[in-house]
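Residues 52 to 737, numbered by this note's numbering, are exactly what the sequence shown covers, in order. Worksheet: one structure, shown below.
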Amino acid sequence: MHINFSDHFLKIEKQLENPQAVIDENILIDLVNALRPSDPHDTDEIAQKIQAFIDSLLLTPTAPALLQTFLLRLINQYKQVSLYADSGILSLDGFWNQLGQRLGGHFLPLIEDVSQLKILIGKIFYLESDSVWLNNIDDKDWATLFGLIGQSNSNVDEKHAIQGEMIKAITVLSYRISGIGLYPEFINAQPELTEYESPFLVQNREIIEFIEKYKKQDISSQDIAVVPPPDASQAFVMLEQCRDVVLKIRRATKRIGVSLSLTYLLSLLEQCLDRIELLLYLVVDDSEGRYISLGNLISDLTKAHYSEKSVRSLLSTTSELIAFQVTENASRTGEHYVSTDTKGFWGMYKAAAGAGVIIACMASLKILAARMTMAPLMQAFTFSMNYSLGFILIHVLHFTVATKQPAMTAAALAATVQQRKGSKTAQIAELAALIINIIRTQFIAILGNISIAIPTAALITFAWQFYLGEPLLTHTKATSLLHSLNPFTSLAVPHAAIAGVCLFLSGLIAGYFDNMAVYRKVGPRLKAHRRLRNLFGQERLNRFAEYIERNLGALAGNFLFGVMLGSMGTIGFILGLPLDIRHIAFASANFIQGLMTINGSPDIGLIIVSFLGVLCIGLTNLFVSFTLTIIVALRARRVRFEQWKPLAKLVMTHFLTRPSDFFWPPKQPLELEENTSTSGGKKTEH
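Structure follows, in structure tokens:
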């Protein structure tokens, strides 16, 4: 690729003829425009353009020195410390203040200080995609390019000025790290920090000692062009120890829980550690690694120029660890929702069958509650309590609602993806076996729910008519109920999707409260509650506290899931939107109740269409909740799984060859051979 950079070099030379003139940044903007690829993801075009620029520098002997002088003088026209110490790093204001500032900035943009170097970054790299192609530049190209530009030993004063600004930024970051390390959230998460000298404090002492040596050396060597910088190895060691503490705290969150504040501080601390190490490398490293660090810094600062104003970036940065903890709780629960043998298979059926009895009663109670004339808010409350208390009773009795499982099993599946055991083919085989086990467990759970909910609902409907002499449903209500199950002429499927979203949210809520129970020490605090101890006695209170600590997430998730189901219709009424929910277990009970109370004998077509609607509702419930949860679980783990096609092919092949495994437990635990995936697995290796 041939690009003529001669005109750019001539403009730079002409600009530098007057040493007192203000450097024009437009020359650099034009130069970057020439280097900018048409596609920021096209690594070949990026490499060709960078190589063409390097070749032009080699062919024009004076160009590297001119470009160095131009860049140094341009940079020194701006204030730099804020760019190095703050850009791309979360503010100590905290999450909520930052969120408010960024939201406000979208409606009323902030006034920017034009004397800051970050303004120049925005002018040069004015496209948000610029950080992408800068990040795609090969490290060797960065080293070669900046090696050429930096080979001249002139401009000593300008270099010292920039290094001085970096030293100031390093000082700011070091004090910031030591301050964050003393926050109570860190002490609570890592009590050992109080038992010995904290690495967050020691790193500050080492950094200050390094800076003092650097300043003394700088003063005593004014007449020497090249002076080796002082040793910073001890500072790097202490920064690495700070990273170890952060890693320990992240691991401890599985045991002690996590809060939004702790998550925010961990992200902030990691960003400060990354930046201070990068700046230290730029100051002390005289190898080509220094130039690679400079390239990484430019890429980071360009990305930060846009992300530091982005609400999405803030939410993404602070949500991943919390989302991981929420789904981590769910994944541990989800492992209990997957049966692999006959014993587990029938155990799931019994648990689901028990829930079927309660679901039939809940469906009947809702029909009776709907008869009453109530204000919309009171109706929403009544329906919500019916659902919520019913779901809590199901949990307390250790029964199972089938569609509650996907939010748990999807997180377990994501955890399996993250482990990345063995080859890609082996991983696909393991995932396929897990998916088949999940499908079989879902099948028997749904069967358990509806096989008992339907006859129980029928018995309640019959008993109501037999003892009270009137049908549970009027003909009009029965017709309306059956119509609401029709997948072709009603909103049954969209309403089932809404229920799927509610199922997904209930899974996240359960994980959140499980985390809160640990982080806020709910169990120990209940045990120490004086009034409860006087009321129940210490032994009973201990049992109650331990139960709440273990089950707070499930209880809260079930309760709020019931509130969502019970209030959705009222929300739709208030908003004037056709919002409602359809859940397979309740739909199956309503199906038989509608058929038994409709006038005359229902025709076979009505029965088939209504039952088909029940099945569609169930599939939609499962698909929506499972899909949403696995997306969140994978994102929380920062996992990208790219073998979906061979995985789907392997599952489908197994269905065609051994369909019974999807509905009945095999005699031996399911293990798919790696070679079963044949071409699908091999293709992913290349």
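In this text, a Cβ means the ideal position worked out from N, Cα and C, and glycines have one as well.
(message) Is S367 near the ligand GTP - that is, is its Cβ less than 8 Å away from at least one heavy atom of it?
(response) With respect to small molecules bound, the structure shown includes none, and the ligand GTP cannot be examined in it.
(message) I need the straight-line Cα distance from P629 to S541, nearest angstrom please.
(response) Sequence index remark: in the sequence shown, residue 629 carries index 578 (1-based). Sequence index remark: in the sequence shown, residue 541 carries index 490 (1-based). Approximately 11 Å between the Cα atoms of the pair.
(request) Report yes if the CB atom of I97 is closer than 9 Å to the CB atom of W193, and no otherwise. (result) Here residue 97 corresponds to residue number 46 of the sequence shown, with the count starting at 1. Here residue 193 corresponds to residue number 142 of the sequence shown, with the count starting at 1. Cβ distance not < 9 Å, so I97 and W193 don't count as in contact.
(message) Do A404 and T452 count as a contact pair if the criterion is CB distance below 9 Å?
(response) Translated into positions along the sequence shown, residue 452 becomes position 401. Translated into positions along the sequence shown, residue 404 becomes position 353. Reading off the sequence shown, one finds Val at residue 452, where the question assumed Thr. For V452 and A404, no; Cβs fall outside 9 Å.
(message) Buried or exposed for S57, going by 16 or more other Cβ atoms inside 10 Å?
(response) Counted from its first residue, the sequence shown places residue 57 at position 6. It is exposed - the Cβ of S57 has fewer than 16 other Cβ atoms within 10 Å.
(message) Using 9 Å as the threshold, is the C-beta distance between A596 and L611 below it?
(response) To locate residue 596, count along the sequence shown from 1; it is residue 545. To locate residue 611, count along the sequence shown from 1; it is residue 560. Contact: no.
(message) Using CA atoms only, rank isn't needed, just tell me which of V288, L313, S535 is closest to F146.
(response) Along the sequence shown, one-based indexing puts residue 146 at 95. Nearest option by C-alpha distance: L313.
(message) In chain order, what are the residue ranges of uninterrupted alpha helix (DSSP H) at least 4 long that sit wholly in the stretch 152-234?
(response) 168-175, 181-186, 190-200, 207-231
(message) Based on DSSP bridge pairs, tell me the residues matched to K130.
(response) Translated into positions along the sequence shown, residue 130 becomes position 79. K130 is bridged to Q167.
(message) Can you tell me whether Y23 is buried or exposed? The criterion is at least 16 other CB atoms within 10 Å of its CB, across all chains shown.
(response) As shown, the chain starts at 52 and ends at 737. That puts residue 23 outside it, with no answer to give.
(request) Give every residue of the same chain whose Cβ lies closer than 7 Å to the Cβ of A276, excluding the five residues on either side of it in the sequence, and list them in chain order. (result) Numbered from its first residue, the sequence shown carries residue 276 at position 225. Reliability of the predicted coordinates at A276 is poor, the pLDDT of 48 falling under 50, and no value is obtained from them.
(request) To the nearest angstrom, report how far apart Q644 and T512 are at their CA atoms. (result) Here residue 644 corresponds to residue number 593 of the sequence shown, with the count starting at 1. Here residue 512 corresponds to residue number 461 of the sequence shown, with the count starting at 1. Their backbone Cα atoms lie some 6 Å apart in a straight line.
(message) When you compare the CB positions of I632 and A509, do they come within less than 9 Å of one another, or not?
(response) Within the sequence shown, the letter at position 581 stands for residue 632. Within the sequence shown, the letter at position 458 stands for residue 509. No.
(request) Measure the C-alpha to C-alpha separation of I140 and I231 and round it to an integer number of angstroms. (result) Indexing the sequence shown from 1 puts residue 140 at position 89. Indexing the sequence shown from 1 puts residue 231 at position 180. So the two alpha carbons sit approximately 13 Å from each other.
(message) Can you give me the C-alpha to C-alpha distance between A381 and T304, rounded to a whole angstrom?
(response) Within the sequence shown, the letter at position 330 stands for residue 381. Within the sequence shown, the letter at position 253 stands for residue 304. Reliability fails at A381, whose pLDDT of 49 lies under 50, so the model's placement of it is uncertain and the value that follows must be treated cautiously. Approximately 15 Å, taken between the alpha carbons.
(message) Quick check: the Cα distance between G562 and R306, rounded to an integer number of angstroms?
(response) Translated into positions along the sequence shown, residue 562 becomes position 511. Translated into positions along the sequence shown, residue 306 becomes position 255. Whole-angstrom Cα-Cα distance: 13 Å.
(message) Considering Cα atoms alone, identify which of L317, R584, I505 is closest to A638.
(response) On the sequence shown, residue 638 is found 587 positions in, with the first residue counted as 1. The residue with the shortest Cα to Cα distance from A638 is I505.
(message) Using a 10 Å radius around the Cβ and a threshold of 16 neighbouring Cβ atoms, would you call S249 buried or exposed?
(response) Translated into the one-based positions of the sequence shown, residue 249 becomes position 198. With 16 or more other Cβ atoms within 10 Å, it is buried.
(request) For W515, count neighbouring C-beta atoms within 10 Å of its own C-beta (all shown protein chains included) and say buried if the count is 16 or more, exposed if not. (result) Counted from its first residue, the sequence shown places residue 515 at position 464. It is buried - the Cβ of W515 has at least 16 other Cβ atoms within 10 Å.
(message) Which complete alpha helix (DSSP H) runs does the stretch 92-147 hold, if anything under 4 residues is left out?
(response) 94-110, 114-126, 132-137
(message) Mapping the DSSP letters down to three states, classify D351 as helix, strand or coil.
(response) Within the sequence shown, residue 351 is the residue found at index 300, counting from 1. The answer is helix: DSSP assigns D351 an H, G or I state.
(request) Sort I221, H705, L311 by Cα distance to E236 and report the nearest one. (result) Locating residue 236 in the sequence shown gives position 185, where the first residue counts as 1. Ranking I221, H705, L311 by Cα distance to E236 puts L311 first.
(request) From the DSSP output, in three-state form, read off W715 for me. (result) Walking along the sequence shown from the start, residue 715 turns up at place 664. DSSP places W715 in coil when its eight states are reduced to three.
(message) Taking the alpha carbon of V408 as the reference point, which residue from L448, F674, E76, F434 has its own alpha carbon closest?
(response) Stepping through the sequence shown from its first residue, residue 408 is reached at position 357. That would be L448, whose Cα lies nearest to the Cα of V408.
(request) Classify G385 as helix, strand or coil using the three-state DSSP reduction. (result) Counted from its first residue, the sequence shown places residue 385 at position 334. In this predicted model, G385 has a pLDDT of only 46, less than 50, meaning its place in the structure is not dependable; the value taken from the coordinates is given anyway. It is helical.
(request) Could you check how far apart the C-beta atoms of L324 and R294 are, in whole angstroms? I think they sit under 8 Å. (result) As a first step, residue 324 is located in the sequence shown; it is residue number 273 there, counting from the start. As a first step, residue 294 is located in the sequence shown; it is residue number 243 there, counting from the start. The pair is a contact, with the Cβ atoms about 6 Å apart (cut-off 8 Å).
(request) Give me the Cα-Cα distance between I487 and K718, rounded to the nearest whole angstrom. (result) Position 436 of the sequence shown, counted from the first residue, corresponds to residue 487. Position 667 of the sequence shown, counted from the first residue, corresponds to residue 718. Taking the straight line joining both Cα atoms gives about 15 Å.
(message) Cutting at 8 Å between CB atoms, please list the residues of its own chain near K734, excluding the five before and the five after it.
(response) Counting from 1 along the sequence shown, the entry for residue 734 is found at position 683. Note on K734: pLDDT 37, under 50, position unreliable in the model; the coordinate value appears next. Once the five neighbours on either side are set aside, the close Cβ partners of K734 are P697.
(request) Below 7 Å CB to CB, which residues in the same chain sit around Q430 once its five sequence neighbours on both sides are set aside? (result) The sequence position of residue 430 within the sequence shown is 379, counting from 1. Around Q430: T621.
(message) Please classify H356 as buried or exposed, where buried requires at least 16 neighbouring CB atoms within 10 angstroms.
(response) As a working mapping, residue 356 is identified with position 305 in the sequence shown. Buried is the call here.
(request) Use the C-beta contact count for I489: other C-beta atoms within 10 angstroms, 16 or more gives buried, fewer gives exposed. (result) Here residue 489 corresponds to residue number 438 of the sequence shown, with the count starting at 1. Buried, because 16 or more other Cβ atoms sit within 10 Å of the Cβ of I489.
(request) Can you tell me which of the three DSSP states F56 falls into? (result) One-based indexing of the sequence shown puts residue 56 at position 5. It is coil, neither helix nor strand.
(message) Using only the alpha-carbon positions, how far apart do L224 and G215 sit?
(response) Taking the sequence shown and counting its residues from 1, the one referred to as residue 224 is at position 173. Taking the sequence shown and counting its residues from 1, the one referred to as residue 215 is at position 164. If you take the alpha carbons of L224 and G215, they lie about 14 Å apart.
(message) For the alpha helix (DSSP H) containing Y598, name the first residue and the last one.
(response) The sequence position of residue 598 within the sequence shown is 547, counting from 1. 589-626 is the extent of the alpha helix (DSSP H) around Y598.
(request) On a CA-only basis, which of S676, G151, L444, L419 is nearest T525? Give me that one, please. (result) Residue 525 sits at position 474 when you count from the first residue of the sequence shown. Among S676, G151, L444, L419, the Cα nearest to that of T525 belongs to L419.
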